[in-house]
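Engineer:
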Amino acid sequence: MTDQQWRSHWIARCIERADDNAARGQAPFAALVVKDDILVGEGVNDVKATQDLTGHAEIRALQAAADHLGTRRLAGCVLYTSCEPCPMCLGAIYWSGITEGYFALSVAEQAAFDDLPEFQYAEFGRAAHERRVRMVQAIPDDVDPRRPFRVG
């Protein structure tokens, strides 16, 4: 198959898995991790079933691929998703070392289902002190926050 045919194949499989997940009452998201045109990890959104807020399809697919390959470094793999990844998933994708991915629906196109990713992308572009969730550095005088990084 050509690269375009492979992309179409994997995206179609994502949509099929997302369809199945939605039919089971879960969120309509699915993701696949592929290495050398071989499926090495797949996942669906299981947040409703598990109450795990990190249970997004991309996270589950990355976990499955890392387990299958025996490494958290997924360089050389390609990610396929039913929708453009949210910022949390995009962060995990960066941590994994994956440098190529394809999605079917954009964040804007799936906003009718969930507009949080669209909001998050805009929010993360703001300075920390301007964001809706207030995060402030807090270090007690008698604590060295660098100490754990010197272990080993």
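Start counting the sequence shown at 69; every next residue gets the next number (our numbering). Positions of the beta carbon are idealized from the N, C-alpha and C atoms, including for glycine. Since the structure is predicted, the reported quantities are computational estimates derived from the model, not experimental observations.
#1: Tell me, please, whether the region 158-177 touches the region 202-213 by the rule of three or more beta-carbon pairs shorter than 8 Å.
#2: Around the Cβ of His-124, are there at least 16 other Cβ atoms within 10 angstroms (buried) or fewer (exposed)?
#3: Below 8 Å, how does it come out for the region 112-119 and the region 86-93: are there three or more Cβ pairs, yes or no?
#4: Which partner residues does Thr-149 have in the DSSP bridge list?
#5: Can you grab the Cα-Cα spacing for the pair Glu-84 / His-136, in whole Å?
#6: List the DSSP bridge partners of Leu-130.
#7: Return the chain-ordered list of same chain residues with a C-beta closer than 7 Å to the C-beta of Val-108, the five sequence neighbours on each side being excluded.
#8: In the DSSP assignment, find the unbroken beta strand (DSSP E) run with Glu-186 in it and report its ends.
#9: Within this structure, are the beta carbons of Glu-126 and Ile-161 separated by less than 9 Å?
Structural biologist: With the structure as the only source:
#1: no
#2: Reading the sequence shown from its first residue, position 56 is the one you call residue 124. Flag for His-124 reads buried.
#3: yes
#4: For the purposes of this step, residue 149 is taken as the residue at position 81 of the sequence shown. Paired residue(s): Ala-99, Phe-171.
#5: Taking the first residue of the sequence shown as 1, we reach residue 84 at position 16. Taking the first residue of the sequence shown as 1, we reach residue 136 at position 68. Answer to the nearest angstrom: the Cα atoms are 22 Å apart.
#6: For the purposes of this step, residue 130 is identified with residue 62 of the sequence shown, where counting begins at 1. Looking at the DSSP assignment, Leu-130 forms no beta bridge with any residue, so it has no partner.
#7: For this step, residue 108 is matched to residue 40 along the sequence shown. Contacts found: Val-101, Val-102, Ala-133, His-136, Leu-137, Cys-145.
#8: As a position in the sequence shown, residue 186 is number 118, starting the count at 1. Unbroken run through Glu-186 is the alpha helix (DSSP H), 184-192; no beta strand (DSSP E).
#9: Here residue 126 is taken as the residue at index 58 of the sequence shown, counted from 1. Here residue 161 is taken as the residue at index 93 of the sequence shown, counted from 1. Result yes, Cβ atoms of Glu-126 and Ile-161 sit closer than 9 Å.
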